[in-house]
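Residues 120 to 498, numbered by this note's numbering, are exactly what the sequence shown covers, in order. For each residue, glycine too, the CB sits at the ideal point set by N, CA and C. Just so we're clear, the structure is a prediction, and the values are computed from it rather than from any experiment.
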Amino acid sequence: MLPRPPADRTVAAPGRPPGLTPNHGERQGSGTTAPEADTAAHPPPGDGPAVTAPQTAELLDLHPAPADLERLVLQGMARQPRQLPAWLLYDAEGSRLFEAIGQQPEYRLTRQETALLRERASELARSLAEGITPAPVLVEFGAGNLSKVGPLLEALQPAAYVALDISLDQLGPSCRALQERHPAVPVLGICCDYADLDQLPPHPLLEGRPRLGFYPGSSLGNFDPPQARALLSRFARLLGPGSRLLIGIDQPKAQERLEAAYNDAAGVSAAFAFNLLRRLNRELAGDFDPAAFTYRAHWEANANRIAMALVSRHAQTVTLAGRRWSFTAGETLITEYSAKYTPEAFQALAAESGWLAIRRWCDGDDDLSLHLLAQADSG
Ligand code: AVI
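Quick look at the structure:
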């Protein structure tokens, strides 16, 4: 018989933000192994508590309740053009499809950023943690399958690692797998909409420790500029004074390349968008007919972004959350925007949100950047 993996300890968090109630997650995922660097910015265990027993990853569930989901969807359906929050794309199937997008030849962002993180792990960890004492907690926003953090964890040796993600089903197995690979670093998963979190829940792992933020994947581009500014300010509050943030940002490039990345030949990006309709049908009693829509992703040069949308093939009426919604022929339901920022444009956005850009690393083609930010008022 195979030994059972250590169980997650899934608990409703103390200090739950108002409006959020415990709920189950939606998607299945698996942790992936990333090759890891070996230079420690903080000394390995010896000055900290000795590790006497294998750690088990702990999980807190702050997933938005179904009522919150319905409210957000109704708001989004009433917008012109209609647009739903991007995190709704990530149910179990959506998470699986997003991982598959990362493997498509046209979508290079995931592979390029993962390689950069692996190659520069020691340097990144040193810059991130320079002058920070005692050993910090590393907090990753939108951590997904935790496939990118391994080299940084090895190099940084933080006092703990906290992963925030919307999908409990993906977070659980991923945290467990990561914990097994990094037994000396306690792992805490928090299932939540990190863009709507006012504070990190009180937890012994977070007490009295400086916090460093990690936000790879260019997910900031999925928020429009005012939301992106608000999110960066929120990160500053969640991380606290004197914190730093390492953030991955995709940059503008040739229109054909960008449009190909979001219109992959295998149709995975389209399937990712169509999956949203299935989720709405399932969770909000919708009757969307996916065959009545087409998927479109195109570059909007004036806004420096890819717009991904489901386009109504003909005039139709759809029921969702007990209401009727009409679509004209050609009307769009925006599933996601993906904005791209030049280094200068991103640094200006960060400055408007109280962050000072202190260093930038890029891949060999200068397609994307990892920016290191420090809170502007922390000297
Ligand atoms: C998660 N995010 C950064 C992806 C992007 O590139 O905007 C989401 C995505 N949607 C379709 N393809 C990728």
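Asked, Found
"Measuring alpha carbon to alpha carbon, tell me which residue in Ile-366, Pro-329, Ala-379, Cys-310 is nearest Leu-339.", "Ile-366"
"Three-state secondary structure (DSSP) at Phe-333?", "strand"
"Can you tell me which of the three DSSP states Val-192 falls into?", "helix"
"Which residues bound the beta strand (DSSP E) around Pro-446?", "The sequence shown places Phe at residue 446, not Pro. Unbroken beta strand (DSSP E) run through Phe-446: 442-446."
"Provide the residue(s) that pair with Ala-426 in DSSP beta bridges, ordered along the chain.", "His-417, Tyr-456"
"Taking the continuous beta strand (DSSP E) assigned at Arg-478, which residues delimit it?", "474-481"
"In angstroms with no decimal places, state the Cα-to-Cα distance between Thr-451 and Ala-428.", "6 Å"
"Hey, is the segment 291-304 in contact with the segment 222-236, meaning 3+ C-beta pairs nearer than 8 Å?", "no"
"Considering only DSSP beta bridges, list what Glu-242 is partnered with.", "Bridge partners of Glu-242: none, in fact."
"Out of Asp-496, Asp-484, Leu-188, Cys-481, state which residue places its alpha-carbon closest to the alpha-carbon of Glu-471.", "Asp-496"
"Going by alpha carbons, who is nearest to Asp-284 out of Glu-242, Pro-277, Ser-293, Ala-278?", "Ser-293"
"Can you find at least 3 beta carbon pairs, one from the segment 464-483 and one from the segment 402-418, that sit closer than 8 Å?", "no"
"When DSSP labels each residue in this structure, what does Phe-217 get in the three-state scheme?", "helix"
"Who does Gln-289 pair with in a DSSP beta bridge?", "In the DSSP output, where bridge partners are listed per residue, Gln-289 has none listed."
"Give me the Cβ distance between Thr-447 and Ala-434, rounded to the nearest whole Å; I'm assuming they're in contact under 8 Å.", "5 Å"
"Near Arg-227, what residues of its chain come up, given a Cβ to Cβ distance below 8 Å and the 5 sequence neighbours on each side ignored?", "Ala-380, Asp-486"
"Which same chain residues end up closer than 8 Å to Arg-239 when comparing Cβ atoms and leaving out the 5 residues on each side of it in sequence?", "Trp-480, Leu-489"
"With 16 as the cutoff for other CB atoms within 10 Å, does Asn-421 come out buried or exposed?", "exposed"
"In this structure, does DSSP put Leu-203 in helix, strand or coil?", "coil"
"Going by the C-beta, is Glu-259 closer than 8 Å to any heavy atom of the ligand AVI?", "no"
"Would you kindly work out how many angstroms separate the C-alpha atoms of Ala-279 and Glu-326, rounded to a whole number?", "11 Å"
"Put Phe-391 into one of helix, strand or coil per three-state DSSP.", "helix"
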